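Engineer: Could you have a look at this structure, given as structure tokens, before my questions?
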Amino acid sequence: MPAAQTAPPAAAEATASAAPADTAVAAPDPPPASPVVQYAQAGLPRSLIDAGCYACHDVNGARIGPPLRAVAGLYRTDPQAIDKLTHKIIHGGGGVWGPTPMIAHPQLDEAQARAMAEAILTLN
Numbered sequence: 003m004p005a006a007q008t009a010p011p012a013a014a015e016a017t018a019s020a021a022p023a024d025t026a027v028a029a030p031d032p033p034p035a036s037p038v039v040q041y042a043q044a045g046l047p048r049s050l051i052d053a054g055c056y057a058c059h060d061v062n063g064a065r066i067g068p069p070l071r072a073v074a075g076l077y078r079t080d081p082q083a084i085d086k087l088t089h090k091i092i093h094g095g096g097g098v099w100g101p102t103p104m105i106a107h108p109q110l111d112e113a114q115a116r117a118m119a120e121a122i123l124t125l126n
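The working numbering numbers the first residue of the sequence shown as 3 and each following residue consecutively.
Below you can see the structure in the form of structure tokens.
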């Protein structure tokens, strides 16, 4: 009897043809774009950046305040949306998105705030 047994030919072929273990490591996802870059990529006006909206609002993800796309989605069918958002931008407020109130921006005049509201509502 031989000292070492060999595998049957079929088993040896199966072992030889087996795919090697996948050792590739997927590249990590790139970090998300900064809010300022997101605003520019979304086509939002510079006035939203200058007013500091990005400190609380990302375009797509939640920060302190809701994502701007979510704001657009909530108000999209409201015929008074521009007026409501204009008022909220200037005077601040709360109660719609949770306990953290939106700060007021009294330095903005109505035309500036209205243009910002209109821009936000263009997000889909």
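Positions of the beta carbon are idealized from the N, C-alpha and C atoms, including for glycine.
Every value quoted in this text rests on a predicted model; they were computed, and no experiment measured them.
1) Please identify the residue among ALA29, VAL61, ASP52 whose C-alpha is closest to the C-alpha of GLN43.
2) From the DSSP output, in three-state form, read off GLY97 for me.
3) Applying the criterion that 16 or more other CB atoms from any shown protein chain within 10 Å of the CB defines a buried residue, is ILE91 buried or exposed?
4) Looking only at its own chain, which residues have a Cβ that is under 8 Å from the Cβ of GLY63, when we skip the five neighbours before and after it?
5) When DSSP builds the beta bridges, which residues end up paired with MET104?
6) Run through DSSP, which three-state label would ILE66 get?
Structural biologist: With the given structure in hand:
1) Translated into positions along the sequence shown, residue 43 becomes position 41. When each option's Cα is compared against that of GLN43, the closest is VAL61.
2) Counting from 1 along the sequence shown, the entry for residue 97 is found at position 95. DSSP places GLY97 in the coil class of the three-state scheme, outside both helix and strand.
3) On the sequence shown, position 89 is the one that residue 91 refers to. Buried, by the Cβ-count rule.
4) For the purposes of this step, residue 63 is taken as residue 61 along the sequence shown, with counting starting at 1. Hits under 8 Å: PRO34, PRO69.
5) For this step, residue 104 is matched to residue 102 along the sequence shown. DSSP, once it has assigned bridges, lists GLY95 as partnering MET104.
6) Translated into the one-based positions of the sequence shown, residue 66 becomes position 64. If DSSP states are grouped into helix, strand and coil, ILE66 belongs with coil.
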